[in-house]
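Residue numbers (my numbering), protein chains in the order written: chain A, 7 to 364; chain B, 3 to 290. Structure first, commentary second.
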Amino acid sequence: MKHTFEQLRLDSVSRSFTNAEGQQLAALKGLDLNIQRGEFIALLGPSGCGKSTALNCIAGLQPLTGGGIWLDDKRIDVLPPEKRGFGMVFQNYALFPHMSVLDNVGFGLKMRGMPKAEATKRAKAALQLVQLIGHDAKLPGQLSGGQQQRVAIARAIVIEPPLVLMDEPLSNLDTKLRIEMRAEIRRIHGKLERATIYVTHDQDEALSMADRIVVMKEGVVQQVASPKEVYSRPKNLHVARFMGFRNVVQATLEGTQGEAVAVNANGVRLVGTPMEGFDSKRVSVALRPEDMERSTPGAENAFDAHVEVVEYGGRDSLIIVNSAFGKLWARIAGECSEGERISLRVAPSKTLVYGEDK
Amino acid sequence: MIALPAQQRDPKGWLVTPALFFILALFIYPFAYGLMLSFSPMNGGSVWANYITFFTDSSMWPTIIVTLKLAVPATIINVGVSVPVAFALRRTSPWQKFVTTLLVVPVTLGTVLIADGMLTYFSPNGWFPQALQALHLYGDEVRLTHNYWGVLISLIVSGFPFAFLLTLSYVTGIDPTLARAAATLGASPWQQFRQIYLPLLLPGLTMTACLSFVQAFSVFPSAVLLGAPAGPTRVISIAASEAAFENYDYALASTIAIVMGFVQLLVVGGMLGARRFFYTGPVTGGKG
Numbered sequence: 007m008k009h010t011f012e013q014l015r016l017d018s019v020s021r022s023f024t025n026a027e028g029q030q031l032a033a034l035k036g037l038d039l040n041i042q043r044g045e046f047i048a049l050l051g052p053s054g055c056g057k058s059t060a061l062n063c064i065a066g067l068q069p070l071t072g073g074g075i076w077l078d079d080k081r082i083d084v085l086p087p088e089k090r091g092f093g094m095v096f097q098n099y100a101l102f103p104h105m106s107v108l109d110n111v112g113f114g115l116k117m118r119g120m121p122k123a124e125a126t127k128r129a130k131a132a133l134q135l136v137q138l139i140g141h142d143a144k145l146p147g148q149l150s151g152g153q154q155q156r157v158a159i160a161r162a163i164v165i166e167p168p169l170v171l172m173d174e175p176l177s178n179l180d181t182k183l184r185i186e187m188r189a190e191i192r193r194i195h196g197k198l199e200r201a202t203i204y205v206t207h208d209q210d211e212a213l214s215m216a217d218r219i220v221v222m223k224e225g226v227v228q229q230v231a232s233p234k235e236v237y238s239r240p241k242n243l244h245v246a247r248f249m250g251f252r253n254v255v256q257a258t259l260e261g262t263q264g265e266a267v268a269v270n271a272n273g274v275r276l277v278g279t280p281m282e283g284f285d286s287k288r289v290s291v292a293l294r295p296e297d298m299e300r301s302t303p304g305a306e307n308a309f310d311a312h313v314e315v316v317e318y319g320g321r322d323s324l325i326i327v328n329s330a331f332g333k334l335w336a337r338i339a340g341e342c343s344e345g346e347r348i349s350l351r352v353a354p355s356k357t358l359v360y361g362e363d364k
Numbered sequence: 003m004i005a006l007p008a009q010q011r012d013p014k015g016w017l018v019t020p021a022l023f024f025i026l027a028l029f030i031y032p033f034a035y036g037l038m039l040s041f042s043p044m045n046g047g048s049v050w051a052n053y054i055t056f057f058t059d060s061s062m063w064p065t066i067i068v069t070l071k072l073a074v075p076a077t078i079i080n081v082g083v084s085v086p087v088a089f090a091l092r093r094t095s096p097w098q099k100f101v102t103t104l105l106v107v108p109v110t111l112g113t114v115l116i117a118d119g120m121l122t123y124f125s126p127n128g129w130f131p132q133a134l135q136a137l138h139l140y141g142d143e144v145r146l147t148h149n150y151w152g153v154l155i156s157l158i159v160s161g162f163p164f165a166f167l168l169t170l171s172y173v174t175g176i177d178p179t180l181a182r183a184a185a186t187l188g189a190s191p192w193q194q195f196r197q198i199y200l201p202l203l204l205p206g207l208t209m210t211a212c213l214s215f216v217q218a219f220s221v222f223p224s225a226v227l228l229g230a231p232a233g234p235t236r237v238i239s240i241a242a243s244e245a246a247f248e249n250y251d252y253a254l255a256s257t258i259a260i261v262m263g264f265v266q267l268l269v270v271g272g273m274l275g276a277r278r279f280f281y282t283g284p285v286t287g288g289k290g
């Protein structure tokens, strides 16, 4: 029953549908992705970006309207979901309410015609793996959200699928449990040595769990890269905004300084890192609140700021300042009070320069 | 537990009084009156005289069998056919609206109008038998009125929409991601139905069957108009009506009504008893 595979290949997978007015709408446009065995891939994007559509297409719950899905040399997008043998964890868990925990987990094995004794043994082992012991006979309705989540995961992995698909599995849990389950899912993924595709709209989740992140927007892949790369070098302004570059400043290109570029933003000269080619002098500068630091006037990339709002956060404070570029968010350590005039700077390596914001 | 002082008792309980009065006046009293009446035979005799008459008179007791022979198959067909139809139409679609609208029509028509229409449509000179013969599908005379089949068809025409609408609401209440989850675990469409939909539907289907059965068991107009009320479709309500309005023996009529109610209670009780063995909890798959 163990499937061995080396890679899952998504070849310009597309899905469009016709709306009530007869218009063709594309939910997913040409998704290309190679997933290696053992990889943990996160599909990240705001709601409506096509990430769940992509997952449903891979699972076979929605048909493709273009492209193909290949597991090594086998084309699988033509198979119904029950023939693909992927495990899936649903956002609302979708546990069978009329079956005990053990029967829920053993369901996939039963469908495969496994003898009952063997199926029970494996279901129990799966429950042990997700650390849910002693609830075998309970109905799902008698479990807490976190426990239901574990049952859903056990049910998906007990069939030893080559690929586990997870559709925002943690979004219904509280913060503490969510952070615990992240590590838990990573641990289970590591044990199984299979591939996992994980859909989420939460950057922290994607950054902390994935080997590679696929950032999507309006059905189009924006960037496929490691968490570190996506976090520090977002490929375009959309990704930058989604990854927490809350401040986007309009500026004019002045010239290059080796690898770096100099820009003028409302009279302030900033040196930054160019992230893409520019087709005009008008550019956008993206700054992350966390990358701002207190500075002395006149230092490189320093600018004057007038503190308007201070949101105390313990270790640091989120402040809103008024500057030559308008309102900016900054997260800075140390004391700071409303009305104060301070000097802030962002290192040139963290001052990302993109083309004009359209 | 500390007992509350009397003056702190919640007076809201009194709000139930009007409803209670209604139930007493419109249900309990007439029922009790009928029950008492059934034990006071018109021509004197023991309190059981009417019941003895019913169960010994060969024009009376077989009506139970006759009625069951109509009501049980009608219930099985109505519920049995409504399941696949409702299942096929479980997703909201123009078809679902069309079929639902189409099926509401017979519900609004009433049994007498249906019986009338069927008399012209199914009678030997009607369209249906004529068409069958014209197409050489059936050579002999097709008799679908004034017999058992006429009544059964009318029970299906009037009872099926009711069963279907109930079943449809049960089917659409089941979270469709459950079937999708089953599919990803390797369940074929048939297994998805057998393992997920059917067990979650069973409690609702038992309720539907109970209501359908009670409706069919009290058949009267179509048994008279479309059946053979003197013989094969002499159902229990005809016997009661004869006793009351031809022989003016209200006591015997009450007895028959009580027997009728008792048989219905027996069947419904049996079905609801069986329901205890099914899963009857929520039909969604999580805290979603």
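Every residue, glycine too, gets a C-beta built ideally from N, C-alpha and C.
What does DSSP give as the partner residue(s) for residue i in the beta ladder?
i      : result
A:A216 : Paired residue(s): none; A:A216 is not in a bridge.
A:F309 : A:L350
A:R247 : BP columns for A:R247 are empty, so no partner.
B:L228 : Answer by DSSP bridge pairing: none, since B:L228 is not bridged.
A:G261 : A:A268
A:I326 : A:V315 and A:W335
A:R21  : A:L34
A:N62  : According to DSSP, which records beta bridges pairwise, A:N62 is partnered with nothing at all.
B:P108 : Partner(s): none; B:P108 has no beta bridge.
A:Q229 : A:V221
A:I47  : A:I203 and A:R218
Hey, quick one: how far does the beta strand (DSSP E) through residue i stretch, first residue to last?
i      : result
A:Y360 : L358 to G361
A:G72  : G72 to L77
A:Q134 : Counting along the chain, A:Q134 falls outside any beta strand (DSSP E), though it belongs to the alpha helix (DSSP H) covering K122 to L135.
A:T202 : A201 to T206
B:D59  : Neither: B:D59 is in no beta strand (DSSP E) and is coded neither H nor E.
A:G36  : Q30 to Q42
If you count every other CB in all the chains shown that lies within 10 Å of the CB of residue i, and 16 or more means buried, which is it?
i      : result
B:I67  : exposed
A:P103 : buried
A:G320 : exposed
A:A143 : exposed
A:Q29  : exposed
A:H244 : buried
B:I54  : exposed
B:V38  : Here residue 38 of chain B turns out to be Met, not Val, going by the sequence shown. So B:M38 counts as exposed.
B:I240 : buried
B:Y35  : exposed
A:L77  : buried
How would you write the range of the alpha helix (DSSP H) that residue i sits in, first residue to last?
i      : result
A:R192 : T181 to L198
B:N80  : P64 to A90
B:A184 : P178 to T186
B:D118 : T113 to F124
B:A34  : Y31 to S40
Determine, using beta carbons only, whether residue i comes closer than 7 Å to chain E.
i     : result
B:G47 : No chain E is part of this structure, whose protein chains are labelled A and B.
Rounding to the nearest angstrom, what Cα-Cα distance links residue i and residue j in this structure?
i      : j      : result
B:T235 : B:P96  : 40 Å
B:F33  : B:V101 : 39 Å
A:A189 : A:L138 : 16 Å
B:K289 : B:G175 : In this prediction, B:K289 has a pLDDT of 48, which is less than 50 and means its spatial position is unreliable; nothing more can be read from the coordinates.
A:K333 : A:H312 : 9 Å
A:N25  : B:L105 : 28 Å
B:I208 : B:M273 : According to the sequence displayed, residue 208 of chain B carries Thr and not Ile. Approximately 6 Å, taken between the alpha carbons.
A:H207 : B:A165 : 44 Å
A:G196 : A:K89  : 25 Å
A:L70  : A:S22  : 8 Å
B:V85  : B:L170 : 8 Å
B:M3   : A:L101 : Summary for B:M3: the model assigns pLDDT 49, below 50, so the residue's position carries little reliability; its value from the coordinates is reported in the next sentence. Those two C-alpha atoms are separated by around 40 Å.
B:A185 : A:E166 : 15 Å
A:L16  : A:I41  : 8 Å
A:M7   : B:Q98  : Only weak support exists for where A:M7 lies, its pLDDT of 42 falling under 50; the coordinates are left without a value.
Please determine, among the options, the residue with the shortest C-alpha to C-alpha distance to residue i.
i      : options                           : result
B:Y281 : B:F29, B:L200, B:V261 and B:T174  : B:L200
A:K356 : A:A132, A:I163 and A:N253         : A:N253
A:D83  : A:A60, A:L135 and A:M105          : A:A60
A:V205 : A:V230, A:F309, A:L213 and A:P175 : A:P175
A:R193 : A:V220, A:I163, A:D173 and A:D210 : A:I163
A:D297 : A:G278, A:K57 and A:A32           : A:G278
A:Y318 : A:S329, A:F309 and A:E344         : A:E344
A:L85  : A:G66, A:G72 and A:F96            : A:G66
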